[in-house]
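Below you'll find the structure, written out as structure tokens, and then a few comments.
Residue numbers (the numbering used here): 1153 to 1480.
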């Protein structure tokens, strides 16, 4: 019996040692989507570094019906930066040290939790850190936006409605990843409508194509014209003679995006329902198919009349960012 006890004890010791020597799992991040904890003394927060951060990260999120910031920034001091805050999803740390000779920005992942992004801004004084923020503004904003996007995509892949991606891939040659809760509302020739709906909100995705004609295919006027034709036919409103269309009072924006070895046109604007009062924001990704015969459109839209819309739109926009062509 004593020998058996010694053997069991030895085995447990080996197992415990193996566990301690192996990779340690990080706890899940805390905080809400779109929040950033900024670790910075009050003097810096109210002067150059804080002003520079707010001018980049607290500006209005584009094309929302009500004003909402790109991110919600919460300032705490270094002394208050306890373990409660260290697990937050998005953290910016300002390190001002007179012994430093230059300023720099360092982006790290998963220091205290996962999936986490931690940006450290270092410099000898407030002025140098503020300059560093200005000079790296695009990198800073893109890193934080990508971190938010990656969390949604990771969740979509982990808790995927596989059948939807299979249907979309068969019809379009590729597909985004759709998380649990999304359902196909409508499928016709070259048009698929997928949505996640609650009592008061809709996060929707349209996937459709239109034929290649010329180099004008990816201009704003052509994309919006094709959008209006497609939605008038496929997306009726709640009453007779009502249908989804594009708001013309505020002209949509267009920009080219390179992402994950793909190039596409991004359109942002507002959708309306003709002869009705419904409306909201939308984002389109438009690109040629593999054979350059059609333009593929992935559109994310939100209807949430009772609520702020930034996080809803960012979620569904992240889903269309996850698009992948079928492997050949």
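Glycine is no exception: its CB is placed at the ideal position from the N, C-alpha and C atoms. No experiment lies behind these values; they were computed from the predicted model shown.
Can you tell me where the alpha helix (DSSP H) holding residue 1345 begins and where it ends? For the purposes of this step, residue 1345 is taken as residue 193 along the chain shown, with counting starting at 1. Careful: residue 1345 lies outside any alpha helix (DSSP H), inside the beta strand (DSSP E) at 1343 to 1349.
Closest by C-alpha distance to residue 1267, when choosing among 1432, 1307, 1232 and 1391: By 1-based counting over the chain shown, the position of residue 1267 is 115. Ranking the options by Cα distance to residue 1267, first place goes to 1307.
Tell me whether the beta-carbon of residue 1456 lies closer than 8 angstroms to the beta-carbon of residue 1472. Numbered from 1 along the chain shown, position 304 holds the residue referred to as residue 1456. Numbered from 1 along the chain shown, position 320 holds the residue referred to as residue 1472. Not in contact: residue 1456 and residue 1472 (Cβ atoms no closer than 8 angstroms).
For the beta strand (DSSP E) that residue 1188 lies in, which residues bound it at each end? In the chain shown, counting from the first residue as 1, residue 1188 sits at position 36. Where residue 1188 is concerned, the enclosing beta strand (DSSP E) stretches over 1187 to 1191.
Within a Cβ cutoff of 7 angstroms, which residues of the same chain sit near residue 1463, ignoring the five residues on either side of it in sequence? Counted from its first residue, the chain shown places residue 1463 at position 311. Cβ within range, chain order: 1185 and 1186.
Are the CB atoms of residue 1442 and residue 1356 within a distance shorter than 8 angstroms? Working through the chain shown from its first residue, we reach residue 1356 at position 204. Working through the chain shown from its first residue, we reach residue 1442 at position 290. Taking the C-beta atoms as reference points, residue 1442 is found no nearer than 8 angstroms to residue 1356.
Per DSSP, what are the beta-bridge partners of residue 1261 in this structure? The sequence position of residue 1261 within the chain shown is 109, counting from 1. Its beta-bridge partners are 1269.
With residue 1290 and residue 1200 assumed to form a contact (beta carbons below 8 angstroms), what rounded beta-carbon distance in angstroms separates them? Taking the chain shown and counting its residues from 1, one reaches residue 1290 at position 138. Taking the chain shown and counting its residues from 1, one reaches residue 1200 at position 48. The C-beta distance from residue 1290 to residue 1200 rounds to 19 angstroms, too long to meet the 8 angstroms contact threshold.
Beta-carbon separation (whole angstroms), residue 1206 vs residue 1225, contact threshold 8 angstroms: Position 54 of the chain shown, counting from 1, holds the residue named residue 1206. Position 73 of the chain shown, counting from 1, holds the residue named residue 1225. Confirmed, about 7 angstroms.
Residue 1409 by DSSP, collapsed to three states: which one? Sequence index remark: in the chain shown, residue 1409 carries index 257 (1-based). Strand.
Cut-off 7 angstroms between Cβ atoms - residues of its own chain near residue 1444, not counting five sequence neighbours on either side: As a position in the chain shown, residue 1444 is number 292, starting the count at 1. Excluding positions up to five away in sequence, the list reads 1364.
May I ask you to verify whether the segment 1274 to 1288 touches the segment 1255 to 1262, counting CB pairs closer than 8 angstroms and requiring at least 3? yes
Taking Cβ to Cβ, would you say residue 1446 is nearer than 8 angstroms to residue 1334? Locating residue 1446 in the chain shown gives position 294, counting from the first residue. Locating residue 1334 in the chain shown gives position 182, counting from the first residue. The answer is no: Cβ separation not under 8 angstroms.
Could you tell me which uninterrupted alpha helix (DSSP H) segments, each at least 4 residues in length, are contained entirely in the segment 1214 to 1240, listed from first to last along the chain? 1235 to 1238
Answer yes or no: do residue 1425 and residue 1438 have a C-beta to C-beta separation smaller than 8 angstroms? Taking the first residue of the chain shown as 1, we reach residue 1425 at position 273. Taking the first residue of the chain shown as 1, we reach residue 1438 at position 286. No.
Does the segment 1291 to 1304 come within contact of the segment 1208 to 1220, defined as at least 3 CB pairs closer than 8 angstroms? With the cut-off at 8 angstroms, the segment 1291 to 1304 and the segment 1208 to 1220 touch.
What do you get for residue 1215, buried or exposed, if any count of 16 or more other CB atoms within 10 angstroms of its CB means buried? Within the chain shown, the letter at position 63 stands for residue 1215. Buried, by the Cβ-count rule.
Whose CA, out of 1297, 1240 and 1274, lies closest to the CA of residue 1469? Stepping through the chain shown from its first residue, residue 1469 is reached at position 317. It is 1297.
Close Cβ partners of residue 1317 (< 7 angstroms) along its chain, the five nearest in sequence each way excluded: Here the question's residue 1317 lines up with position 165 in the chain shown. If we look at residue 1317 and ignore the five residues flanking it on each side, its Cβ neighbours are 1327, 1329 and 1330.
Ordered along the chain, which non-local residues of its own chain (more than five positions away) have a Cβ less than 8 angstroms from that of residue 1408? Locating residue 1408 in the chain shown gives position 256, counting from the first residue. Excluding sequence neighbours, residue 1408 sits near 1415, 1416, 1417 and 1418.
Return the CA-CA distance between residue 1373 and residue 1195, expressed in angstroms with no decimal places. What you label residue 1373 is simply residue 221 of the chain shown in a count that begins at 1. What you label residue 1195 is simply residue 43 of the chain shown in a count that begins at 1. Approximately 49 angstroms between the Cα atoms of the pair.
Are residue 1304 and residue 1359 closer than 8 angstroms when you measure CB to CB? As a position in the chain shown, residue 1304 is number 152, starting the count at 1. As a position in the chain shown, residue 1359 is number 207, starting the count at 1. For residue 1304 and residue 1359, no; Cβs fall outside 8 angstroms.
Strictly by DSSP, which residues pair up with residue 1424? Position 272 of the chain shown, counted from the first residue, corresponds to residue 1424. Answer is 1397 and 1431, bridged to residue 1424.
Secondary structure of residue 1304, DSSP reduced to three states: For the purposes of this step, residue 1304 is taken as residue 152 along the chain shown, with counting starting at 1. Residue 1304: helix per DSSP, three-state reduction.
From this set, 1382, 1241 and 1352, which residue's C-alpha is nearest residue 1343's C-alpha? Stepping through the chain shown from its first residue, residue 1343 is reached at position 191. Taking only the C-alpha atoms, the option nearest residue 1343 is 1382.
Please state the DSSP three-state secondary structure of residue 1465. As a first step, residue 1465 must be located in the chain shown, where it is residue number 313. Here residue 1465 sits in helix by DSSP.
In angstroms, rounded to a whole number, what distance separates the CA positions of residue 1402 and residue 1432? If you number the chain shown from 1, residue 1402 lands on position 250. If you number the chain shown from 1, residue 1432 lands on position 280. Residue 1402 and residue 1432: Cα-Cα distance of roughly 12 angstroms.
For residue 1449, list the residues DSSP reports as bridge partners. Position 297 of the chain shown, counted from the start, is the residue given in the question as residue 1449. 1360 and 1438, per the DSSP bridge assignment.
According to DSSP, which residues form a beta bridge with residue 1331? Start at 1 with the first residue of the chain shown, and residue 1331 comes out as number 179. DSSP lists 1312 as partners of residue 1331.
If I follow the unbroken beta strand (DSSP E) through residue 1242, where does it start and stop? Locating residue 1242 in the chain shown gives position 90, counting from the first residue. Taken as a continuous stretch (DSSP letters only), the beta strand (DSSP E) holding residue 1242 covers 1242 to 1248.
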